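For reference, the structure discussed in these notes is given below.
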Amino acid sequence: MRELDRSERQHFEAIRRWVYDHTGIYYPERKNLLLYHRLMKLCHRLGIPDLKELHKHLRRGDLPGLAGELACAVSTNHSYFFREESVLGFFREHIIPALPERSRWRLWSAACASGEEAYTVAIILAETLSMAKAREQAAILGTDIDYMVLRQAEQGVYPDHKLEHVPPDLLRRYFRPVGAQEWKIHADLQGICTFRRLNLMSFPWPFKNRFHVILCRNVLYYFDLEHQRDLVERFYEVTVPGGWLITSVTEPVQSLSAHWKMVTSGVYRKVQ
Ligand SMILES: C[S@@+](CC[C@H](N)C(=O)[O-])C[C@H]1O[C@@H](n2cnc3c(N)ncnc32)[C@H](O)[C@@H]1O
49 MRELDRSERQ HFEAIRRWVY DHTGIYYPER KNLLLYHRLM KLCHRLGIPD LKELHKHLRR
109 GDLPGLAGEL ACAVSTNHSY FFREESVLGF FREHIIPALP ERSRWRLWSA ACASGEEAYT
169 VAIILAETLS MAKAREQAAI LGTDIDYMVL RQAEQGVYPD HKLEHVPPDL LRRYFRPVGA
229 QEWKIHADLQ GICTFRRLNL MSFPWPFKNR FHVILCRNVL YYFDLEHQRD LVERFYEVTV
289 PGGWLITSVT EPVQSLSAHW KMVTSGVYRK VQ
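Heads up: the sequence shown begins at 49 in my numbering, then just goes up one per residue.
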């Protein structure tokens with residue numbers, strides 16, 4: 049990154065602030081280069097000459113869709129199927145059997161990127177219950193701030209490398225090859241999952257019913273402590289009593305909230 053002059057620096061800082069205020073994503077100084085490259089790539093794509101103009105459009109709100117484009121540009125969407133087997137194993141062995149038989153289970157993959165997490169959970173449910181029962185018993189909502197990755201989630205087509213952790217028998221059962229080194233998810237799994245755009249920092253959330261299980265993995269660490277605390281409390285509010293929160297094992301929630309009870313690493317429960 050070349051040295052920015054004073055005025056460019058001011059615009060860069062203002063955009064960093066905008067990103068934080070609108071998405072909760074916190075770019076510390078050490079990530080300046082990454083943020084700068086992402087902003088310049090966006091400018092290039094939209095035909096905006098520089099950061100000053102980008103900031104001007106943001107302030108004026110005269111470029112429809114710019115806020116959404118910027119949110120996409122600054123988010124990190126890395127994800128893959130069967131990520132962190134330990135929490136998924138806990139989900140399979142302990143959470144599914146504890147879910148109430150009489151209700152339709154509502155699961156939420158908050159910050160789902162291109163859908164790998166939501167579909168992984170759908171596969172585990174189908175394997176545990178049968179596909180027909182999973183469709184009848186469960187509904188999975190995947191949400192993300194980035195509309196581009198949501199498009200991919202809806203299409204359900206993935207390159208080889210996203211499927212490296214899918215056991216071969218599950219690969220055969222739930223995916224079919226399409227095109228060069230690409231795989232399409234089974235249509236029945238698409239019937240269990242719905243994808244919507246949602247900014248986790250934009251309140252109130254539009255939910256009528258509470259969730260039995262919320263997965264929020266590998267996203268908390270993009271937010272600062274204040275936003276993390278706020279978010280896990282809000283997750284608590286939209287979870288049924290006895291419901292579950294699943295995070296990445298590297299994102300401890302017990303230091304953020306006195307409400308959630310830790311069950312095992314990456315798994316928390318709302319008291320009944
Ligand atoms: C690294 S991915 C994690 C995907 C998946 N949960 C997993 O563990 O594989 C983080 C996702 O969080 C999303 N994200 C970041 N800030 C967000 C916000 N304020 N609201 C909703 N999604 C957000 C990004 O767009 C990105 O897709």
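Ideal Cβ placement from N, Cα and C applies to all residues, glycine included.
For clarity, every value in this text was computed on a predicted model and none was experimentally measured.
Handout entry: Three CB pairs or more closer than 8 Å across the segment 149-158 and the segment 253-267
Key = yes
Problem - Selected residue, minimal CA-CA separation from proline 289, among Tyr316, Asp272 and His92 - result: To locate residue 289, count along the sequence shown from 1; it is residue 241. Answer by Cα proximity: Tyr316.
Exercise for the section: Can you tell me the Cβ-Cβ gap for serine 162 and valine 197, rounded? I've got them flagged as a contact below 8 Å. Expected result: Reading the sequence shown from its first residue, position 114 is the one you call residue 162. Reading the sequence shown from its first residue, position 149 is the one you call residue 197. About 4 Å separates the two Cβ atoms, so the contact holds.
Exercise for the section: Please confirm whether any heavy atom of ligand 1 lies closer than 7 Å to the CB of aspartate 127. Expected result: Within the sequence shown, residue 127 is the residue found at index 79, counting from 1. Per the sequence presented here, residue 127 reads as serine, with aspartate not at that position. Yes, ligand 1 has a heavy atom inside 7 Å of this Cβ.
Exercise for the section: Enumerate, from N- to C-terminal direction, the unbroken beta strand (DSSP E) stretches of 3 or more residues contained entirely within the segment 195-235. Expected result: 205-207, 223-225 and 230-233
Problem - Any non-hydrogen atom of ligand 1 within 7 Å of threonine 124 CB - result: The residue you call residue 124 lines up with position 76 of the sequence shown. Indeed, a heavy atom of ligand 1 lies less than 7 Å from the Cβ.
Exercise for the section: Report yes if the C-beta of leucine 248 is less than 7 Å from at least one heavy atom of ligand 2; otherwise report no. Expected result: No copy of ligand 2 occurs in the structure displayed; its ligands are ligand 1 alone.
Handout entry: Cross-strand partners of aspartate 192 (DSSP beta bridge)
Key = Here residue 192 refers to the residue found at position 144 when the sequence shown is read from its first residue. Answer is Arg245.
Handout entry: Among Asp98, Arg57 and Arg244, the one whose alpha carbon lies nearest that of asparagine 80
Key = Position 32 of the sequence shown, counted from the first residue, corresponds to residue 80. Nearest of Asp98, Arg57 and Arg244 to asparagine 80, Cα basis: Arg57.
Problem - 8 Å Cβ shell around serine 55 - same chain, five flanking residues per side excluded - result: As a first step, residue 55 must be located in the sequence shown, where it is residue number 7. Exclusion of the five residues before and after serine 55 leaves Lys100 as the residues of its chain whose Cβ lies within less than 8 Å of its Cβ.
Problem - Nonlocal neighbours in the same chain, by C-beta distance under 6 Å from valine 311, ignoring five residues either side - result: Counted from its first residue, the sequence shown places residue 311 at position 263. The answer, listed in chain order, is Arg317.
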